[in-house]
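> A single structure is presented below for examination.
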Amino acid sequence: MANGGITTRLQKEIGLLQHEFSHLDSKLDAKLDAKLDTRFKDFRDKFKSEIRSELHSFLEQYFGQSSTSAHGMCQDQGKGLLGTTPPRFPPEDRLAMSPAADVGHLGTHSQVRIVDFMGKMFQLQCPHFDGKNF
């Protein structure tokens, strides 16, 4: 009977240790989840800020506009799309002539290759106007 009491006492202690372990494990999981959530939020905010900054500088470089913050563009909505006046593009910003353009002679068809801002090649064929016929 002495042996049965020891086994029961050990079983109770093991049960208490398992309960403590489960409790500590759940506390650790909660802390770890909170820490991971905080780090993920920081990473997301940093990534979002970097992407916004790069996109803003790219658009500023492409459109040639002065520096304005994204917040400022959203505040004033009376001017146009995204709070700014519509940009005016000179023709050379949108289209670039290919160095291999064939100009042709008077009265013949000219062949012009045009590259758009996305790098796609277009080929235009039109008669050359010599001023005699309309």
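For the sequence shown, the positions run 75 to 208 when this note's numbering is used.
All C-beta atoms, glycine included, are put in the ideal place defined by N, C-alpha and C.
Rounded to a whole number of angstroms, what is the C-alpha to C-alpha distance between E94 and T82?
Numbered from 1 along the sequence shown, position 20 holds the residue referred to as residue 94. Numbered from 1 along the sequence shown, position 8 holds the residue referred to as residue 82. So the alpha carbons of these two residues sit roughly 18 Å apart.
> Reducing DSSP to helix, strand and coil, say where G89 ends up.
The residue labelled residue 89 in the question sits at position 15 within the sequence shown. In this structure, G89 counts as helix in the three-state DSSP scheme.
> G79 by DSSP, collapsed to three states: which one?
Here residue 79 is taken as the residue at index 5 of the sequence shown, counted from 1. Note: G79 maps to helix in three-state DSSP.
> According to DSSP, is H130 helix, strand or coil?
As a position in the sequence shown, residue 130 is number 56, starting the count at 1. DSSP places H130 in helix when its eight states are reduced to three.
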